[in-house]
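In full-length UniProt numbering, the protein residues as written are 1 to 787. Built from N, CA and C at the ideal position, the CB exists for glycine as well. All of these numbers come straight from a predicted model, not from anything done at the bench. Quick notes on the structure that follows.
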């Protein structure tokens with residue numbers, strides 16, 4: 001894909017500040033339709049950055065077969081056991097040598113440096129100084145083996161999207177292609193970029209804000225939900241408060257655009273500083289240097305600093321910013337060099353400069369309230385390989401239609417049931433007079449944080465029950481197969497008829513994997529599709545990490561324009577919140593025509609047109625429904641201000657099978673819609689406590705056979721930060737599994753871990769680079785409901 005587009009172009013900007021163009025060609029011109037939904041002509045190609053067969057190197061040939069000769073009803077003893085123990089020891093030493101080769105490779109070390117530079121010093125460096133031997137494999141070297149193997153599985157078989165070890169690729173539908181066609185491009189990576197974490201630029205802004213001279217150039221703004229009517233200040237849930245004339249005059253000029261200097265010049269008889277400090281203390285206004293949320297926050301800060309007329313103040317601020325920018329450029333250069341030591345040195349230098357400048361820790365501690373990016377900078381990359389998919393894949397996707405219909409039922413019912421009590425809230429408030437949006441929003445919080453969660457849980461249970469009745473899996477079944485005709489009719493009967501309850505709910509974003517040994521296998525029909533996650537009520541390709549790794553973001557804007565010819569109303573969100581929101585996943589396809597409304601958070605540039613505070617809008621009734629009335633007369637259904645809350649409630653609801661001890665693989669025609677899954681008590685995995693490696697390995701294989709587990713699985717444990725891969729043929733990965741089981745059993749004795757079959761397997765990887773290496777991958781589609 002070369003990014004060439006045709007058509008009339010008009011420059012605009014997305015919310016993140018990326019230069020884009022509207023009116024761009026949206027793709028191939030051959031949209032794929034699934035019922036009343038249309039798939040975007042473009043899709044993201046998510047894949048690992050290291051070849052899939054890398055993990056297979058850690059499964060010693062013949063060892064699994066030798067272990068399986070010891071049946072479950074006998075205690076391994078005698079000469080045969082001694083021979084196996086020797087074979088296991090020899091394989092363990094060979095695996096340790098291979099892990100040292102992996103740990104020494106520049107690309108592996110660079111990937112670890114981006115993830116956790118400290119690990120290179122404390123774990124990888126001493127491992128590389130060690131020479132593997134049977135006698136030398138004591139506790140600490142074995143732990144370092146497991147450390148390398150754990151990172152290796154993530155880089156080889158996890159379709160994460162981060163850095164060069166999880167680059168973003170792109171693909172398009174092409175009716176001239178029978179199955180799937182790969183253009184590998186040159187090398188693995190076509191482009192890479194290093195970004196500041198938003199919190200790092202915020203910390204610099206906080207440092208600059210301590211300069212009294214510079215603070216005079218900042219623009220105070222009212223809190224989004226505070227309304228000022230003459231000399232009366234209204235805050236939701238509190239009695240109105242009458243203020244004196246100077247306070248009212250200052251508040252009237254606080255708009256986030258006028259600087260403190262300008263307000264002081266407009267009110268020469270008022271002690272503006274004293275008034276501002278008072279209204280800030282009362283939490284009616286904010287007076288600090290605030291950097292809007294964006295992918296490039298430093299660009300906004302630079303533009304703001306360059307607008308200061310006082311050269312001394314301006315240059316002082318720019319000098320501080322340039323310290324970090326130079327450090328970021330050194331990190332970029334080191335990353336491009338591929339030298340992990342240079343990269344670590346550059347990252348350490350940037351951290352030192354940052355701490356000296358801001359007196360702030362350069363790495364954030366993990367927290368329940370912070371987003372994943374803990375470092376000052378991160379890197380994202382675009383894959384060189386591009387993909388075209390054609391008729392065979394399109395036809396095999398047909399069973400996705402009833403799944404999207406069922407998903408639409410979830411969002412439709414969720415909006416319908418949540419909006420019932422929300423309508424009641426508006427009716428109650430309207431009985432006392434006009435209803436401000438801010439008052440309405442806060443009055444609805446008990447609904448959103450209380451009964452709405454109960455509604456979501458109940459709908460998920462009902463959803464699963466419907467699917468269980470549709471599929472009717474036999475007791476103990478490991479495979480359930482159906483046809484689109486049978487499933488489609490039953491789904492339409494139970495889930496049909498619902499319409500999206502809010503604008504974002506028109507979008508459904510499925511992740512689909514192709515299980516095939518290569519493009520030629522797809523062309524001859526030797527393949528299956530596998531549904532990964534189905535993201536509800538969200539266009540996940542609108543996330544910044546995708547938009548800014550597209551060769552021409554204007555194409556994505558044009559697709560959005562087609563979906564939404566008119567403006568949207570979008571609530572402003574906090575800059576980050578746990579794993580659900582950060583600069584990388586913030587929605588970036590916000591057009592100038594769209595309205596943004598600040599309800600609690602105000603993270604946009606106040607100068608941006610069509611940016612509204614909640615206190616400036618009203619909620620009125622139109623045809624029996626609450627409607628938001630904006631200051632310029634534009635109106636939107638009130639449900640739109642709750643869109644993010646509803647999407648957050650909906651995003652994890654799609655699961656067609658219950659959380660049972662075992663659920664089968666479910667396949668509709670060529671599409672696997674649910675992979676086989678086991679939920680097994682950690683306390684019953686007796687092999688995990690075995691201290692002797694050979695016996696633990698044999699025990700793990702017996703445990704696997706007892707539960708009829710496949711060779712390759714992904715494991716989710718409440719005590720682990722993310723799912724991890726296990727190959728039961730590999731001693732090092734069964735050891736990693738055993739340790740995870742022990743941690744879980746000790747922390748939560750009655751807890752279970754979830755094991756899901758890996759499908760596609762490493763051998764079913766069709767995506768290649770220009771050297772013929774194969775990578776795991778998935779296609780992330782966007783489906784939009786029309787009409």
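TODO: Return the bridge partner residues of residue 714 from the DSSP annotation.
DONE: Note: residue 714 is bridge-paired with 725 and 756 in the DSSP secondary-structure output.
Task: 7 Å Cβ shell around residue 481 - same chain, five flanking residues per side excluded - done: Here the set comprises 667.
Open item on the list: Check this for me: beta carbons of residue 45 and residue 169, under 8 Å apart or not?
Closed with: The answer is yes: Cβ separation under 8 Å.
Task: residue 400 beta carbon less than 8 Å from that of residue 650 - done: Taking the C-beta atoms as reference points, residue 400 is found no nearer than 8 Å to residue 650.
Open item on the list: Helix, strand or coil, according to DSSP, for residue 785 in the structure here?
Closed with: In this structure, residue 785 counts as strand in the three-state DSSP scheme.
Open item on the list: Between the alpha carbons of residue 261 and residue 219, how many angstroms are there, rounded?
Closed with: For the pair residue 261 and residue 219, the Cα-to-Cα distance works out to about 9 Å.
Open item on the list: Can you list, in chain order, the residues of its chain with a C-beta nearer than 6 Å to that of residue 788? Leave out the 5 residues immediately preceding and following it.
Closed with: Past the edges of the chain, shown from 1 to 787, lies residue 788, and the structure says nothing about it.
- [ ] Mark residue 764 as exposed unless 16 or more other C-beta atoms lie within 10 angstroms of its C-beta, in which case mark it buried.
- [x] The residue is buried, with at least 16 neighbouring Cβ atoms inside 10 Å.
Task: Cα-Cα separation between residue 277 and residue 360, rounded to whole angstroms - done: For the pair residue 277 and residue 360, the Cα-to-Cα distance works out to about 25 Å.
Task: Other residues of its chain near residue 157: CB distance less than 7 Å, five sequence neighbours each side excluded - done: Cβ neighbours of residue 157 beyond the five flanking positions: 48, 52, 55, 725, 762 and 776.
- [ ] Return the CA-CA distance between residue 518 and residue 511, expressed in angstroms with no decimal places.
- [x] The straight-line gap separating the alpha-carbon atoms of residue 518 and residue 511 is approximately 19 Å.
- [ ] Starting from the N-terminal side, write out each stretch of the beta strand (DSSP E) that is 3 residues or longer and does not extend beyond the region 342-401.
- [x] The DSSP assignment places complete beta strand (DSSP E) segments of no fewer than 3 residues inside the region 342-401 at 377-389, in order along the chain.
Open item on the list: Can you tell me whether residue 71 is buried or exposed? The criterion is at least 16 other CB atoms within 10 Å of its CB, across all chains shown.
Closed with: Exposed.
- [ ] With residue 571 as the anchor, note down where its beta strand (DSSP E) starts and where it stops.
- [x] Element bounds for residue 571: 569-571.
Task: Proximity of residue 407 and residue 654 at Cβ, strictly below 8 Å - done: For residue 407 and residue 654, yes; Cβs fall inside 8 Å.
Task: 8 Å Cβ cutoff met for residue 232 and residue 226 - done: With contacts defined by Cβ atoms closer than 8 Å, residue 232 and residue 226 do not form a contacting pair.
Task: 6 Å CB neighbourhood of residue 778 in its chain, flanking five on each side removed - done: Its chain contains 46, 159, 511, 513 and 532 as the residues whose beta carbon lies nearer than 6 Å to that of residue 778, once the 5 sequence neighbours on both sides are disregarded; these appear in chain order.
Open item on the list: In whole angstroms, give me the CA-to-CA distance for residue 256 and residue 434.
Closed with: Using only the alpha carbons, I get a separation of about 26 Å.
- [ ] Could you pull out every residue in the same chain whose Cβ sits closer than 8 Å to the Cβ of residue 412, ignoring the five residues on either side in sequence?
- [x] Excluding the 5 residues flanking it on each side, residue 412 has same chain C-beta neighbours closer than 8 Å at 498, 499, 500, 501 and 505, in chain order.
TODO: Say whether the region 193-200 touches the region 573-592, bearing in mind that this needs 3 or more beta-carbon pairs closer than 8 Å, one atom from each stretch.
DONE: Cβ pair count under 8 Å is three or more, so yes.
- [ ] Grab the span of the beta strand (DSSP E) containing residue 636 for me, first residue to last.
- [x] Judged by DSSP secondary structure, residue 636 falls within the beta strand (DSSP E) whose first and last residues are 635-637.
- [ ] Kindly indicate which three-state DSSP category residue 196 falls into: helix, strand or coil?
- [x] Strand, per DSSP.
Task: Residue from 720, 625, 508 and 772 with nearest C-alpha to residue 36 - done: When only C-alpha atoms are compared, the closest one is 508.
- [ ] Have a look at the DSSP bridge pairing and note the partners of residue 587.
- [x] Residue 587 is bridged to 543.
TODO: Answer yes or no: do residue 528 and residue 390 have a C-beta to C-beta separation smaller than 8 Å?
DONE: No, the pair does not count as a contact, with Cβ atoms beyond the cut-off.
TODO: Starting from residue 731, follow the alpha helix (DSSP H) in both directions and report where the run begins and ends.
DONE: For residue 731, the enclosing alpha helix (DSSP H) has its first and last residue at 731-747.
Open item on the list: Taking 8 Å as the threshold (C-beta atoms), are residue 423 and residue 571 in contact?
Closed with: In this structure, residue 571 keeps its C-beta atom at 8 Å or more from the C-beta atom of residue 423.
Open item on the list: Suppose only complete runs of 4+ residues qualify. What are the alpha helix (DSSP H) ranges in the region 226-289, listed by chain order?
Closed with: Complete alpha helix (DSSP H) runs here, min 4: 245-253, 260-266 and 272-281.
Open item on the list: In this structure, how does DSSP classify residue 654 when only helix, strand and coil are distinguished?
Closed with: Residue state, collapsed to three classes: coil.
TODO: Take residue 132 and list the residues in its own chain whose beta-carbon comes closer than 8 Å to its own, dropping the five residues that flank it on each side.
DONE: So the qualifying residues of the chain are 93, 96, 97, 100 and 141.
Task: Rounded separation between residue 710 and residue 751 - CA only - done: Straight through space, the alpha carbons of residue 751 and residue 710 are spaced by roughly 22 Å.
TODO: Mark residue 735 as exposed unless 16 or more other C-beta atoms lie within 10 angstroms of its C-beta, in which case mark it buried.
DONE: Classification for residue 735: buried.
- [ ] Report the residue from 554, 521, 688 and 478 whose alpha carbon sits nearest the alpha carbon of residue 672.
- [x] Minimum Cα distance to residue 672 is reached at 478.
TODO: Give a yes or no on whether the C-beta atoms belonging to residue 619 and residue 449 are separated by under 8 Å.
DONE: No. Outside cutoff.
- [ ] Quick one: measure Cβ to Cβ for residue 163 and residue 199, integer angstroms, because I've assumed they're closer than 8 Å.
- [x] Actually they do not touch by this definition, with Cβ atoms about 19 Å apart.
Task: Within the region 130-206, ranges of the alpha helix (DSSP H) (whole runs, at least 4 residues) - done: Counting whole runs of 4 or more residues, the region 130-206 contains the alpha helix (DSSP H) stretches 139-157.
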